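Chains as they are written, first to last, in the numbering used here: chain C, 2 to 350; chain X, 2 to 350.
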């Protein structure tokens, strides 16, 4: 088993360090520690609210031994910050392999590549892709139920919702599979496609290939990206939506978020508007509806979250839950209901 | 001035050879001939209906001397067909430079690159791009009118409509600029961005950069790509639409086309549906409406085209014309009207 140190470059907040947070959530047995001068002395539990006693320290010396570093942040634009460059070079000097989900490929960076060759370590760029196939809409298994998580914005929990529903379905004996489309999901799942790095002509083709590669399973939970109304990333969202042609959508949002993350002047739409937009665009390819709402209430007390949950249930007529607080039960039921509606899951006898 | 031979690999029909056809349309003074064994003995006038006496021949020997070959077809997926590989290698042996708009980069093909180095010729891959900037929505000149051509499908004439309206506006004394987003447009204009080759995260950013680079002009005609409902290319279309945030749209369609080109099973929507879809998606970023319809009636007699034109005008309440048959006048008027509506063009005194 690998022993991983996560690099966050001082950005150990859940918004910036989402790769680190989710590797701690789903791969904690592999995580030796977090390197972050700005938060040294914490544990991941005290810093991120999960992971227990995994240490956060200012130097490699102060952390348990490890063989791999992972870039734990996902900056907009995907470039390597200068502080992380130093730490990557130091990790290589110490003989550690490097895993990165940045758009900037570390394996093609002359300084980093030369240093890695010198020390005999591997650089893995998870976002490197050479997808060059268009969508064809041939060979789709019409017995496989395709559920896709979509959102009001980036970083609202689409990957976590996909994984939690997959796990809950598997616990109930269903043949469900998480399909990763982003760097963190790929690191967790060990397969998938970094869809936002694919040339735009081939985004739908890459999404279709993910479906074709996984449709031997009964139910796919396909991780969504960005938002259909995002000023930066709507191309990723629509190409993925059209390429995976889902039967059902789970609309993910963060309670209290008013503006597009990182673009303060730009207001988000209402959940009703997103529901209508996603259903309109999805139905261009395949019959589809929004089957439930996944709320991310991390910034709010439980009672406020519960009040909003009830209000939304009444307003939208859909199941609503925060999978990390309430469990995924209500959304699992929504998935199974949709499977029965479209004849892909047999009703219970 | 360059002397260009166009390679069509036997696919000298307007649907497949759209790069060749449009270089003949807009750059005919540079075109020495077309290499196409299957159609040798024709002129481009007899084969494509334009270009006059430019010869089509089976061998380089049978064509006038030239210093450049251009790949004249735009196959879906953008790979180099085997027949064209032979012709490219022969052209290089004859000392000619190579310009390609394929997704497959000829400058990175070991055989072609080695051969080019041996003969000292240049390989230019027009679709090669390293765009890595996200959209920011800063610095937009709100005095510049942005008009964007969109379509029901690929290859309906979005580039030609953009160029013809630009030329007609310039003839009337307006400071209009064509903004190229595809390989043929870039070859004609000498600048632009091959938007369908940009990684999906950066499509809107690349489109925004095109606006920023050209907004010193009063009116931009921004070439559209694909279709918002295309099973393969909707990501390109939406990222471009959101990145250029147009004030007005010209909806381009081909008369009589019933199915997505190259995907026979998949029916096109009605023009009303496309109008609604484009307006919904465009207005997420910036106030916008469809201001006119550009018909491509190449497959139909003039009287049938005229009847459809009248019918659509009445049905949609919009100007409708085939810019190659009727001229661009009606759409030019629609552009100027939209400019006055949004306060970017002063009313005539």
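We put the CB at the ideal spot given by N, CA and C, even for glycine.
Please read these numbers as outputs of a predicted model, since none were measured by experiment.
For residue i, the three-state DSSP class (helix, strand or coil)
{"i": "residue 55 of chain X", "result": "coil"}
{"i": "residue 141 of chain C", "result": "coil"}
{"i": "residue 404 of chain C", "result": "Residue 404 of chain C is absent from the model: chain C starts at 2 and stops at 350."}
{"i": "residue 110 of chain X", "result": "coil"}
{"i": "residue 26 of chain X", "result": "helix"}
{"i": "residue 334 of chain C", "result": "helix"}
{"i": "residue 131 of chain X", "result": "coil"}
{"i": "residue 155 of chain X", "result": "coil"}
{"i": "residue 304 of chain C", "result": "helix"}
{"i": "residue 92 of chain X", "result": "helix"}
{"i": "residue 13 of chain X", "result": "coil"}
{"i": "residue 136 of chain C", "result": "coil"}
{"i": "residue 278 of chain X", "result": "helix"}
{"i": "residue 240 of chain C", "result": "helix"}
{"i": "residue 284 of chain C", "result": "helix"}
{"i": "residue 312 of chain C", "result": "helix"}
{"i": "residue 345 of chain X", "result": "coil"}
{"i": "residue 327 of chain X", "result": "helix"}
{"i": "residue 340 of chain C", "result": "helix"}
{"i": "residue 104 of chain X", "result": "coil"}
{"i": "residue 119 of chain X", "result": "helix"}
{"i": "residue 81 of chain X", "result": "coil"}
{"i": "residue 21 of chain C", "result": "helix"}
{"i": "residue 75 of chain C", "result": "coil"}
One or two residues paired with residue i in a DSSP bridge
{"i": "residue 98 of chain C", "result": "C:69"}
{"i": "residue 44 of chain C", "result": "C:56"}
{"i": "residue 1 of chain C", "result": "This structure leaves residue 1 of chain C out entirely; chain C is present only between 2 and 350."}
{"i": "residue 317 of chain X", "result": "Residue 317 of chain X pairs with nothing; no bridge assigned."}
{"i": "residue 255 of chain X", "result": "X:297"}
{"i": "residue 150 of chain C", "result": "C:251"}
{"i": "residue 268 of chain C", "result": "C:260"}
{"i": "residue 124 of chain C", "result": "C:99"}
{"i": "residue 290 of chain X", "result": "X:249"}
{"i": "residue 322 of chain C", "result": "C:295"}
Where residue i falls, given that 16 or more other Cβ within 10 Å makes a residue buried
{"i": "residue 215 of chain C", "result": "buried"}
{"i": "residue 1 of chain C", "result": "The structure shown does not extend to residue 1 of chain C, since chain C is modelled only from 2 through 350, so no value can be given for it."}
{"i": "residue 339 of chain X", "result": "buried"}
{"i": "residue 195 of chain X", "result": "buried"}
{"i": "residue 2 of chain C", "result": "exposed"}
{"i": "residue 311 of chain X", "result": "exposed"}
{"i": "residue 79 of chain X", "result": "buried"}
{"i": "residue 217 of chain C", "result": "exposed"}
{"i": "residue 143 of chain C", "result": "exposed"}
{"i": "residue 203 of chain C", "result": "buried"}
{"i": "residue 115 of chain X", "result": "exposed"}
{"i": "residue 184 of chain C", "result": "buried"}
{"i": "residue 225 of chain C", "result": "buried"}
{"i": "residue 172 of chain X", "result": "exposed"}
{"i": "residue 139 of chain X", "result": "exposed"}
{"i": "residue 34 of chain X", "result": "buried"}
{"i": "residue 249 of chain C", "result": "buried"}
{"i": "residue 315 of chain C", "result": "exposed"}
{"i": "residue 145 of chain C", "result": "buried"}
Relative to chain X, which residues along the segment 230-254 of chain C have a C-beta separation below 9 Å, given in chain order?
-> 230, 231, 232, 233, 234, 235, 236, 237, 238, 239, 240, 241, 242, 243, 244, 246
Completely contained alpha helix (DSSP H) runs for the segment 160-237 of chain C, where each covers 4 or more residues = 184-190, 204-215
Using a Cβ-Cβ cut-off of less than 9 Å, give me the residues of the segment 176-205 of chain C that come near chain X, in sequence order.
-> 196, 197, 198, 199, 200, 201, 202, 203, 204, 205
Using Cβ-Cβ distances below 9 Å, what residues of the segment 280-300 of chain X are close to chain C?
-> 281, 282, 285, 286
Closer than 8 Å, Cβ to Cβ, to anything on chain X: give me those residues from the segment 60-85 of chain C, in chain order.
-> 77, 78, 79, 80
Could you name the residues of the segment 131-144 of chain X whose beta carbon sits closer than 9 Å to any beta carbon of chain C, in the order they occur along the chain?
-> 133, 134, 135, 136, 137, 138
What residues in the segment 101-126 of chain X have a beta carbon less than 9 Å from any beta carbon of chain C?
-> 104, 105
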